[in-house]
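What follows is a short report on a single structure.
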Amino acid sequence: MERIVFDSVSKTFSLGGGRKLLRGHLQDLIGRGGGPSFYALRNVSFTLRDGESLAVIGSNGAGKSTLLNLATQVCDPNAGQVKVNGRVSAVLELGSGFHYDLTGAENLRLNASLSGLDRRKTAMLFDEIVEFSGVGEFIDQPLRTYSAGMTMRLAFSVAIHTDPDILIVDEVMGVGDQAFHAKCFDRILGFRKAGKTILCASHAADMLRLMCERAIWLDHGQVILHGKLEEVLAAYQGRTVGQV
Amino acid sequence: MWSGDFGFVLENLVFKDFKVRYRNMSLGVFWSLLNPLITMSVLFLVFGIMLPNGVKGYPVFVLCGLIPFNFFSIAWATGTNSLVDNAGLIKRVPIPREVVPIASVLANCLHLLIQIGMLLTFVMLFGYGVNRHWMWLPVVWGLEIVFVLGLVLACSALDVYLRDMRYLVESTNVLLFWLVPIVYGYEKIPAKYSEIYSWNPIAAMVMALRRILMDGAAPGATLIGKLALGSVASLAMGWMVFRALHRRFYDHL
């Protein structure tokens, strides 16, 4: 089954901080507006089926996060089509949707509901999520007492327990410790064996080797290369080194 | 598409807003009560004692104005900021966007509930007693909530594009405090303006409350009609504005 289909997708953002001044709005009204815009993604196409895993690599600002956001469907493309079939679970940014004055448990429930779990499933999975995150008795403490690693572990633990068809991971794993990484990779390998679809972005080649078999190399919003992970990684690293 | 449990998300967001507001305060939720009590005392000092305006049961009279007005102004202001304040959610989670402003209004409804409890206590303390017209209370409060909801849907969506919205709302609220019969009674409005005056749903709300709680009478059919019309129009307008704007929130947050 085709899980994620990008068909000639482009996404532009207007420059100038969104033109929030009255002058900008007036210019819009009389049609002189629009202003300069830049392509975060230009004409990107790919298809991900069940059991396939795709890594998105590229330098900062290449459009990796925009691609992941489009796949998560938090925004719409300006041209082309994004089709997503199935339940998506995304870890896009450390603790998005977390509030630092709420306790770990309250944040867990909030985040579970945002990721699409209902009340019954959340109650059922609560202990398992806490166990996996390893935050222990801190679960009843406000989140502001957590270290970055603990916050990430809790967020990741929720995401991984929502039983998605598609897992989308932006580079958030960086802050976890070795032991937690090992646990996550076990889980992610389990996902792959179960025939789920994975889309992830990272700079950590070792991590990508464990998670993905294919890769897409983005540069200034355009696909430079799309193919087997090792080939794309080799080309990307060659180019990066070559430029320096 | 996002396929979660809308009600569960709403519940979690409402409790988040409610808990976060007072979590680090030592007086906690008592601020909900203290705030209108302090304002009421000051207004009583000025208009009950220093410049007496001869209204009977002035503390209750003022509370009947303050509580619906406070709810309206705070829910409107916080609701207007809700999308921008929750930009992290909007940009990272594909939840239906309307859940954010709706949750913001409902969180304020919890405070309102506490304040209504206080208002009714004052009504009893001043010897007005319970009457059968109290059955109108859920109707008028419900209409006010619907009115705010519509306004918040529209203003929160506009605030994403025009961040000036919040200052517009704040300034309007200052003006509105004097345009709603809080410190004075409706009968003080010159006859030629009284018709248009009662089209303001918040003014109509205050007038209806005083009739029910202090006069022990049903709010007139025309008053309820105006209030209902205003609320439904507000909700319809808010919904349309929100629907028209929500697709581009991501680009502007």
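Those protein sequences? They're chains A and B, same order as listed. Read in order, the letters of the first sequence are residues 140 to 383 in the numbering used here. Read in order, the letters of the second sequence are residues 19 to 271 in the numbering used here. Don't be surprised by glycine CBs; every beta carbon is placed ideally from N, CA and C. It should be emphasised that the depicted structure is a prediction, and the values quoted were computed from it without experimental measurement.
Neighbourhood of residue i by C-beta distance below 7 Å, restricted to the same chain and skipping five residues each side
{"i": "A:Glu267", "result": "His300"}
{"i": "B:Leu253", "result": "Val164, Leu167 and Gly168"}
{"i": "A:Phe447", "result": "Nothing about residue 447 of chain A can be read from this structure; chain A reaches only from 140 to 383."}
Residues near residue i in its chain [Cβ-Cβ closer than 6 Å; skip 5 each side]
{"i": "A:Val183", "result": "Phe145, Val148 and Val362"}
{"i": "A:Met140", "result": "Asp189"}
{"i": "B:Val47", "result": "Tyr40"}
{"i": "A:Phe319", "result": "Arg292"}
{"i": "A:Glu276", "result": "none"}
{"i": "A:Arg283", "result": "Tyr239"}
{"i": "B:Phe144", "result": "Gly75 and Val78"}
Check whether residue i and residue j have beta carbons under 8 Å apart
{"i": "B:Phe90", "j": "B:Pro77", "result": "no"}
{"i": "A:Val371", "j": "A:Asp309", "result": "no"}
{"i": "A:Asp257", "j": "B:Phe26", "result": "yes"}
{"i": "B:Val170", "j": "B:Pro199", "result": "no"}
{"i": "B:Pro237", "j": "B:Gln133", "result": "no"}
{"i": "B:Leu101", "j": "B:Val73", "result": "no"}
{"i": "A:Leu357", "j": "A:Leu206", "result": "yes"}
{"i": "B:Val201", "j": "B:Val80", "result": "yes"}
{"i": "A:Ala194", "j": "A:Cys323", "result": "no"}
{"i": "B:Val158", "j": "B:Leu245", "result": "yes"}
{"i": "B:Gly97", "j": "B:Ser174", "result": "yes"}
{"i": "A:Gln336", "j": "A:Ile196", "result": "Looking at the sequence shown, residue 336 of chain A is not Gln but Thr. Result no, Cβ atoms of A:Thr336 and A:Ile196 do not sit closer than 8 Å."}
{"i": "B:Leu263", "j": "B:Ile108", "result": "no"}
{"i": "B:Val259", "j": "B:Ala125", "result": "no"}
{"i": "A:Gly366", "j": "A:Arg353", "result": "yes"}
{"i": "A:Gly225", "j": "B:Trp20", "result": "no"}
{"i": "A:Ser252", "j": "B:Asn104", "result": "no"}
{"i": "A:Asp279", "j": "A:Gly236", "result": "no"}
{"i": "A:Gly334", "j": "A:Tyr178", "result": "no"}
{"i": "B:Ala221", "j": "B:Tyr215", "result": "yes"}
Where the beta strand (DSSP E) containing residue i begins and where it ends
{"i": "A:Gly366", "result": "Gln361 to Lys367"}
{"i": "A:Phe185", "result": "Ser176 to Arg188"}
{"i": "B:Val111", "result": "Note, B:Val111: premise wrong, no beta strand (DSSP E); not H, not E."}
{"i": "A:Arg142", "result": "Glu141 to Ser153"}
{"i": "A:Ala343", "result": "Neither: A:Ala343 is in no beta strand (DSSP E) and is coded neither H nor E."}
{"i": "A:Leu306", "result": "Ile305 to Val308"}
{"i": "A:Leu193", "result": "Ser192 to Ile196"}
{"i": "B:Ala172", "result": "Note, B:Ala172: premise wrong, no beta strand (DSSP E); alpha helix (DSSP H) at Leu155 to Tyr179."}
{"i": "A:Ala229", "result": "Val227 to Val230"}
Interface flag, residue i vs chain B, CB-CB below 8 Å
{"i": "A:Asp240", "result": "yes"}
{"i": "A:Cys214", "result": "yes"}
{"i": "A:Gly288", "result": "no"}
{"i": "A:Arg283", "result": "no"}
{"i": "A:Leu357", "result": "no"}
{"i": "A:Phe152", "result": "yes"}
{"i": "A:Arg248", "result": "yes"}
{"i": "A:Ser252", "result": "yes"}
N-terminal and C-terminal residue of the alpha helix (DSSP H) that residue i is part of
{"i": "A:Gly219", "result": "Premise fails: A:Gly219 lies in the beta strand (DSSP E), Ala218 to Val223, not in any alpha helix (DSSP H)."}
{"i": "A:Trp356", "result": "Taken as a continuous stretch (DSSP letters only), A:Trp356 belongs to no alpha helix (DSSP H), being part of the beta strand (DSSP E) at Arg353 to Asp358."}
{"i": "B:Leu128", "result": "Val117 to Leu143"}
{"i": "B:Ala15", "result": "A question about residue 15 of chain B goes unanswered here, because the residues of chain B that appear run from 19 up to 271."}
{"i": "B:Ser249", "result": "Ala239 to Leu263"}
{"i": "A:Gln212", "result": "Run containing A:Gln212: none; DSSP gives neither H nor E here."}
{"i": "A:Ser391", "result": "Since the displayed chain A opens at 140 and closes at 383, residue 391 of chain A lies outside it and no answer follows."}
{"i": "B:Pro54", "result": "Trp49 to Phe62"}
{"i": "A:Phe271", "result": "Arg258 to Ser272"}
{"i": "A:Ala321", "result": "Gln317 to Lys332"}
{"i": "B:Asp269", "result": "Phe267 to His270"}
{"i": "B:Phe36", "result": "Phe24 to Tyr40"}
Cβ of residue i within 8 Å of any chain A Cβ
{"i": "B:Ser21", "result": "yes"}
{"i": "B:Tyr215", "result": "no"}
{"i": "B:Asn30", "result": "yes"}
{"i": "B:Asp233", "result": "no"}
{"i": "B:Phe79", "result": "no"}
{"i": "B:Val118", "result": "no"}
{"i": "B:Phe260", "result": "no"}
{"i": "B:Ala265", "result": "Inspection of the sequence shows that residue 265 of chain B is occupied by Arg rather than by Ala. It does: the Cβ of B:Arg265 has a partner Cβ on chain A nearer than 8 Å."}
{"i": "B:Asp269", "result": "yes"}
{"i": "B:Val27", "result": "yes"}
Cut-off 8 Å between Cβ atoms - residues of its own chain near residue i, not counting five sequence neighbours on either side
{"i": "B:Tyr185", "result": "none"}
{"i": "B:Gly22", "result": "Ile113"}
is_contact[residue i, chain C] using C-beta, thresh 8 Å
{"i": "B:Phe144", "result": "No chain C is part of this structure, whose protein chains are labelled A and B."}
heavy atom of the ligand NAP below 7 Å from residue i C-beta
{"i": "B:Cys173", "result": "Only the bare structure without any ligand can be found here, which leaves the ligand NAP out of the picture."}
What are the residues of the stretch 81 to 114 of chain B that lie near chain A, defined by any Cβ-Cβ distance shorter than 7 Å?
-> Gly106, Leu107, Lys109, Arg110, Val111, Pro112 and Ile113
Using Cβ-Cβ distances below 8 Å, what residues of the stretch 185 to 216 of chain A are close to chain B?
-> Asn208, Thr211, Gln212, Val213, Cys214 and Asp215
Selection of the stretch 220 to 236 of chain A by Cβ proximity to chain B, strictly under 7 Å | Arg226, Leu231, Glu232, Ser235 and Gly236
Got a sec: which bits of the stretch 34 to 63 of chain B sit with their beta carbon under 8 Å from any beta carbon on chain A, in order along the chain?
-> Lys34, Lys37, Val38, Arg41 and Asn42
What are the residues of the stretch 255 to 275 of chain A that lie near chain B, defined by any Cβ-Cβ distance shorter than 8 Å?
-> Gly255, Leu256, Asp257, Arg258 and Thr261
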